[in-house]
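Written out below as structure tokens is the structure these notes cover.
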Amino acid sequence: QCTRYLFKTMRAIKSGRGKVDKNITTDYMQRYLDNKHEKAAIQFSGDLYDPLFFMRAFGHRAAYLTEQTLALRDDAKRSWNSLLVELYRCSKAHSQYLLVRNFGMAILKDEKLNSQPALRQIVQKIFLLWACHTMEQESADFLASGYIDGKQFHLLGSKVQEIMAELRPNAVALVDAFAVPDYLLNS
């Protein structure tokens, strides 16, 4: 269902015909279509603290995968079943974009969170760890989309190690804060 919606939306935006409701999906797709060759502006490890970088990177990747898979379906006339792996990757990329966007917007705009600097710092580190780790795990997609290059990719891996070292002393308290039962953690 997710990929059918992504295909329908991408087709509508590309054709310019019909009414396309403006929403967060159309926003990232339109941004991608307006500048497919956009590059990330990060040069240093400190640049990774900007949630907008991650929102743009995940959106660029999701739109790129959607466009590439849609071309296989529409232009190359591949069957739906022959594209199941690609369809899954599109859905996963879109879902990860939604997570990054919601998490990033909370860091940028949530007044309650931003009124508590210590909590905001921890939440931002958890966000950064998840986003960098996810980009590292899904590196082929991010590199293929062209939004990041090899040098920028290496910054992500270094940042994952750095943040894990920073969070390690508080790991037990952070896990306890999520209230995951001990039997699920095997502890």
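Per our numbering: the sequence shown = residues 412 to 598.
In this text, a Cβ means the ideal position worked out from N, Cα and C, and glycines have one as well.
Test item: CB-CB of residue i and residue j under 8 Å
| i | j | result |
| --- | --- | --- |
| K536 | L578 | yes |
| F538 | P592 | no |
| N477 | L524 | Residue identity differs from the one stated: residue 477 is Thr in this sequence, not Asn. In this structure, L524 does not lie closer than 8 Å to T477 by Cβ. |
| R472 | S556 | yes |
| T480 | L459 | no |
| T420 | M440 | yes |
| Q563 | I453 | yes |
| R512 | I435 | yes |
Collapsed DSSP secondary structure at residue i in the structure displayed
| i | result |
| --- | --- |
| F464 | helix |
| D560 | coil |
| P568 | Looking at the sequence shown, residue 568 is not Pro but Gly. Three-state DSSP puts G568 in a helix. |
| A555 | helix |
| N581 | helix |
| K419 | helix |
| G427 | coil |
| E549 | coil |
| R500 | helix |
Cβ of residue i within 8 Å of any chain D Cβ
| i | result |
| --- | --- |
| G457 | This model lacks chain D altogether; it includes just one protein chain. |
Sequence-distant residues of the same chain with beta carbon closer than 6 Å to residue i, five excluded per side
| i | result |
| --- | --- |
| H544 | V571 |
Candidates the options: closest to residue i by CA position
| i | options | result |
| --- | --- | --- |
| S426 | A584, L444, A517, A452 | L444 |
| K503 | G457, P528, Q412 | Q412 |
| A474 | L595, D486, H448 | H448 |
| L519 | F465, N597, G561, S598 | F465 |
7 Å Cβ shell around residue i - same chain, five flanking residues per side excluded
| i | result |
| --- | --- |
| I559 | A451, A468, F553 |
| V496 | none |
| R489 | L483 |
| A517 | L524 |
Sequence-distant residues of the same chain with beta carbon closer than 8 Å to residue i, five excluded per side
| i | result |
| --- | --- |
| R484 | F418, W491, L494 |
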